[in-house]
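J.: Residue numbers (this note's numbering): 402 to 1079.
1. When you compare only the Cα positions, how much space is there between residue 1040 and residue 763?
2. In angstroms, rounded to a whole number, what distance separates the CA positions of residue 1075 and residue 1059?
3. Three or more C-beta pairs closer than 8 angstroms, one from the region 936-943 and one from the region 974-983: is that the case here?
4. Any idea if residue 477 is buried or exposed, counting beta-carbon neighbours within 10 angstroms, 16 or more meaning buried?
5. Report all residues from its chain with a CB closer than 7 angstroms to the CB of residue 761; omit the five preceding and five following residues, and keep chain order.
6. Check whether the Cβ of residue 714 sits closer than 7 angstroms to any heavy atom of the ligand GDP, and report yes or no.
7. In terms of residues, what are the limits of the beta strand (DSSP E) holding residue 1008?
8. Can you tell me whether residue 1078 is buried or exposed, with buried defined as 16 or more other CB within 10 angstroms of its CB?
9. Does the distance from the C-beta atom of residue 450 to that of residue 577 stay below 8 angstroms?
10. Could you tell me which whole beta strand (DSSP E) segments of length 3 or greater appear in the region 484-563?
11. By DSSP, does residue 922 sit in helix, in strand, or in coil?
12. Taking only three categories from DSSP, how would you classify residue 993?
13. Which class does residue 972 belong to by DSSP, given the choice of helix, strand or coil?
14. What did DSSP end up calling residue 965 once you bin it into helix, strand or coil?
15. Nearest CA to the CA of residue 785: which residue from 1069, 1008, 766 and 690?
16. Look at residue 579 and residue 820 and say whether their C-beta atoms are less than 8 angstroms apart.
17. May I ask you to report which of helix, strand or coil DSSP gives residue 441?
18. Enumerate in chain order the residues of its own chain whose CB-to-CB distance from residue 679 is below 6 angstroms, with the five nearest sequence positions on each side excluded.
19. Need the endpoints of the alpha helix (DSSP H) that residue 736 sits in, please.
20. Pop quiz: residue 1027 and residue 991 are said to be a contact at Cβ under 8 angstroms. What is the actual Cβ separation, rounded to whole angstroms?
21. Do you know how far the Cα of residue 563 is from the Cα of residue 527?
22. Quick one: any contact between the region 487-500 and the region 536-556, if contact means 3 or more CB pairs under 8 angstroms?
23. Using only alpha-carbon positions, find the residue among 998, 873 and 999 that is nearest to residue 631.
24. Give a yes or no on whether the C-beta atoms belonging to residue 692 and residue 714 are separated by under 8 angstroms.
25. Flag residue 467 as yes if its beta-carbon sits less than 8 angstroms from any beta-carbon of chain B, otherwise no.
26. Grouping DSSP H, G and I as helix and E and B as strand, with all else coil, what is residue 605?
27. For a test of the three-state rule: what should DSSP assign to residue 873, helix, strand or coil?
28. Skipping 5 residues on each side, what residues in its chain have a beta carbon closer than 7 angstroms to that of residue 802?
29. Identify, in the order they occur along the chain, each residue of the same chain with its Cβ nearer than 7 angstroms to the Cβ of residue 792, setting aside the five sequence neighbours on each side.
30. If you draw a straight line from the alpha carbon of residue 544 to that of residue 633, how long is it in whole angstroms?
31. In whole angstroms, give me the CA-to-CA distance for residue 985 and residue 993.
32. Is it right to say residue 440 is buried, meaning 16 or more other beta carbons lie within 10 angstroms of its own, or is it exposed?
33. Are the beta-carbon atoms of residue 560 and residue 541 separated by less than 8 angstroms?
34. Pull the bridge partners of residue 929 from the DSSP assignment, please.
35. Among 525, 495, 486 and 519, whose alpha-carbon lies nearest the alpha-carbon of residue 506?
36. For residue 426, collect the residues of the same chain with a Cβ closer than 7 angstroms to its Cβ; drop the 5 residues on either side in sequence, then sort them by chain order.
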């Protein structure tokens, strides 16, 4: 379908016309030909090695700067540190100790950004001077935070502790190793180097070639798909992914990209194409793949730290399988024997002590050999191995070879991160993502300027590989999807749901009950926190509280079905405090389950109703983060049944994309002026 036909089908509205994807996008990367196509792998290696070094350096500098220069209040307001915590042990998780931290007085913890899987530093008062303990957040509640550690800090119950967000050196090291492997001719890391470097004249034709794997492992392009729950565009993408050596699948919001990825993996597993490596940038996305595979009866194993895996999926982790392995008893017996020898060594001298050391070393060698055997046996039984991109560099899978690799969320991962699974021997590669949504998260502005923010998926699209577009969305009421479809996808998205499937929820008085989108104009000006320098808007915040109360009074949606999105941590904090003061969001409290997050925290997620607080309202017309088209696309496409946007009209109109959306809102008569008088 051409764009002209698409615009006509949506209604010939000028403001819905798509503009250049890079227009007004601060994360867009200048696509100089030298960074899209690489004729020499050495140049590619040098370029990206420099970029990941800059990223690590700037992350370490940022962490050091925060720890040394920021006041405790600023760290607390930014949500990246917690102070005066009492600690205690709270059980075990597959051999690792769980620590529980609460505020000194047992009160609610202050607002913070720590979540499952985050790496934290545990110290007393000055982590830049003290010996600190590194841990991983297991879970959180209103009054406690649980962290998994290898070693318990001394005197845990004595005095108080602080938690700080820590830098991730492991990711850098594994990306550097992957770049080294990709650049080495002798390494044999992947035969896809020519297509990934985009050094070929006809890249599209090369990507369509069959994968260089034995014929009995290949799945034919005409593999029967009857009985599979797939629409036309999903079916086309699946058929291509099964038979080509490189496939890009673009999944706009609500089009079922993870469902499509799971179907591809399931068919390959049933065909016996394994071992297959299924990865994604985030633990959440990997868990989604794992859950889909397990529901289809696929033997899938999740590697990585169990602490980073959803509780209901932990029985599918490698650690859980190892705990049930028959050889586990032998390992435990040798470990007990080793500890017994070590306890008695203090009484030994001379030759006897030397012999004891020899026995300990021999035992540890035997333990490591048994553990390697156990890991091999567990993974050999798996049809699909699931891990994060960086997690595939772990020793448990690093030495194995995977002819087929699928990367979900490929547009949120940097190119070096994608190379970590690819250099595990990929001969058939499927990248699933959407370069019209959020790009990789980059800390270093130097690395961003030189192209680290452009994903491998996006670079290959720029180089000429045509992605398969999943063209039917099943999430949003057609009125909610209308503007994003036209503005960001050329009008090529169809609706797989009707207005009757997504009725407007009661409680809020919609300007048009048949089109549950509303813009609430708010004239109050923004503020800036003197410590954290983050933006907030008190008038918008108080109005958000009133809107949520109205929706709950309507009785058709619960607090857990409502999501609040805002681009600024200052507003997240203000809203969190506001709702906690109005009754709370904990168990059996009025707003139980209500989620208040930044735009980045909502990628890949959905709610029945989304309330988006824009925050920015100033005489200069500065919109900041709001000018990022990809963030706007994500924010406008999370809602299933209703979307309410609060903002300052004159400020938002300074941005062309927002101006287009406001024009569309006015034309559709979706301005909610009446809310201000309620």
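Idealized CB from N, CA, C, for every residue including glycine.
T.: Reading off the structure:
1. 59 angstroms
2. 21 angstroms
3. yes
4. buried
5. 739, 742 and 743
6. Among the ligands in the structure shown, none appear at all, so the ligand GDP cannot be discussed.
7. 1008-1014
8. exposed
9. yes
10. 497-504, 520-524, 534-541 and 546-550
11. strand
12. coil
13. helix
14. strand
15. 690
16. yes
17. coil
18. 666, 690, 785, 787 and 807
19. 729-745
20. In fact, because the Cβ distance is near 30 angstroms, the residues do not count as touching under 8 angstroms.
21. 9 angstroms
22. yes
23. 873
24. yes
25. Checking the listed chains, one finds no chain B in this structure; it contains a single protein chain.
26. helix
27. strand
28. 825 and 826
29. 704 and 705
30. 48 angstroms
31. 7 angstroms
32. exposed
33. no
34. 936
35. 486
36. Note on residue 426: pLDDT 44, under 50, position unreliable in the model; no value is reported.
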